[in-house]
Amino acid sequence: MRQVVILGATGSIGCSTLSVLAMHPEQFQVLALTASTQTSKLLAQCLAFKPRFAAMLCPLAAVTLKTELQLQGSKTEVLAGPEALIALAGHPEADIVMAAIVGAAGLLPTLAAVEQGKTVLLANKEALVMSGELFMAKVQHHGTTLLPVDSEHNAIFQCLPSAFQQAQGQQPALAEMGIAKLLLTGSGGPFLNRPIASLATVTVAEAIAHPNWTMGQKISVDSATMMNKGLEFIEARWLFNCAPADIEVVIHPQSIIHSMVQYTDGSVLAQLGQPDMRTPIAHALAFPKRISSPVAPLKFSQLTNFSFAEPEPARYPNLYLAMAACSAGQGATTALNAANEVAVAAFISEQIRFTDIRRLNETCLEHFHNYAARSLDDIVALDLEARAYAQQLVRTLK
Ligand code: NAD
Ligand code: MG
């Protein structure tokens, strides 16, 4: 029986993880669930999965949860605050930690799991975007098994040779494995065919209506700007020990191929499946074995018209900003990530326009381009500084 901690249990990835775990009660037990503020959702999850611990970022929400759980006769122990999330991520009895908090807030709890040598299932791409170099050094140092949950990275992982899959933290270079390129696919989001001149008037509802995937709000907006693919570009650079030049972004609007690996002999290996996160989640939970998931099998006779294209720079400037930041270094990627979180939140609360996300990200990246951020303290300080700078920009754009 493997003990599982889910950080960000009430989110889209957290709920999908629980739905896979529910199919395999003989293999996995939920040790702890954490969330930010959504008491009623976490309450229902605690009653259904009976974890030993539940933690909420918000102390007031934790009090409500505790009272409700006691009323229902639950034995789940309730903890509160950011330090509780960190403690549970590194709990001695945890085997697997699903890192599914959204944004920079996931960094410290995810690192805690890495430092305790847990099997870390990484959905929280922002953690790697901010601290990739340091994060991967810790993975190597602590002998942590790090498994990508992001569907593209999970697909690439599945298409890599087993020598790479087994060599956690000490991966051989791509060229040594006969690999020419990693092909990172993306749907292009809801505005693939919308006139570029009309992007300034995009509404929040339009931006979060992804054609193929159902996801949290932040990642949905990131998919519409393709900043999501930019963050994934940076994520891939660290996860797969490669250079930016080794990664190519390919638009594939149908979202059936989840990414590919091109070998030097001309072979291309792809991983295909429904656009449903429960497949990569099941893969990562069971690795190196396989378990069933609730995802419907692909029916090839119903698939038509696979198409591919290059992402247009004028349509997706945020993608290219992220690629530039990736080459510039950890300071640039941390600042861009912080700016983007502020910009997306401001767009969702209707303070700025969709196209202002790019303006804000670009200005921030230019400002912090050459900042060095080597230690965790540097990264956390730069994240805060870039957020404050971006907030200031929001006020000027409003
Ligand atoms: P979501 O917004 O649906 O859920 C986020 C979860 O994090 C919630 O449980 C919330 O309570 C918790 N949380 C939010 N802020 C927090 C904070 N400050 N401290 C502690 N907990 C906090 O997000 P999601 O779509 O599930 O995405 C989670 C992560 O997975 C993101 O990094 C995203 O990029 C990545 N991801 C998501 C998908 C997807 O399909 N949703 C796919 C690939 C990668
Ligand atoms: Mg993805």
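Counting from 1, position 234 in the sequence shown corresponds to residue 228 in the numbering used here; the numbering is continuous, with no gaps.
Backbone N, C-alpha and C fix where the C-beta goes; we use that ideal spot for every residue, glycine too.
Delimiting residues of the beta strand (DSSP E) encompassing residue i
i           : result
residue 353 : Premise fails: residue 353 lies in the alpha helix (DSSP H), 350 to 362, not in any beta strand (DSSP E).
residue 336 : Premise fails: residue 336 lies in the alpha helix (DSSP H), 324 to 342, not in any beta strand (DSSP E).
residue 24  : 22 to 29
residue 139 : 139 to 142
residue 47  : 47 to 50
residue 181 : Unbroken run through residue 181: none, as it is neither H nor E.
Between the CA atoms of residue j and residue i - distance to the nearest angstrom
i           : j           : result
residue 257 : residue 158 : 14 Å
residue 290 : residue 17  : 14 Å
residue 85  : residue 103 : 11 Å
residue 280 : residue 12  : 14 Å
residue 346 : residue 392 : 6 Å
residue 302 : residue 274 : 22 Å
residue 351 : residue 368 : 27 Å
residue 327 : residue 317 : 9 Å
residue 116 : residue 6   : 14 Å
residue 123 : residue 221 : 12 Å
residue 206 : residue 195 : 22 Å
residue 40  : residue 27  : 8 Å
residue 37  : residue 93  : 20 Å
residue 161 : residue 319 : 28 Å
residue 424 : residue 311 : The chain is shown from -5 up to 392; residue 424 falls before or after that span and cannot be answered.
residue 240 : residue 304 : 16 Å
residue 216 : residue 19  : 34 Å
residue 42  : residue 152 : 32 Å
residue 356 : residue 323 : 15 Å
residue 226 : residue 366 : 21 Å
CB contact flag (residue i, residue j, <8 Å)
i           : j           : result
residue 375 : residue 362 : no
residue 148 : residue 277 : yes
residue 315 : residue 210 : no
residue 165 : residue 235 : yes
residue 232 : residue 67  : no
residue 21  : residue 50  : no
residue 2   : residue 96  : yes
residue 106 : residue 80  : yes
Counted within 10 angstroms of its Cβ, other Cβ atoms place residue i as buried (16 or more) or exposed
i           : result
residue 335 : buried
residue 259 : exposed
residue 252 : buried
residue 371 : exposed
residue 298 : exposed
residue 135 : exposed
residue 45  : buried
Where the alpha helix (DSSP H) through residue i begins and ends
i          : result
residue 96 : Residue 96 -> no alpha helix (DSSP H), and no H or E assigned at all.
Helix, strand or coil at residue i [DSSP, three-state]
i           : result
residue 380 : helix
residue 120 : helix
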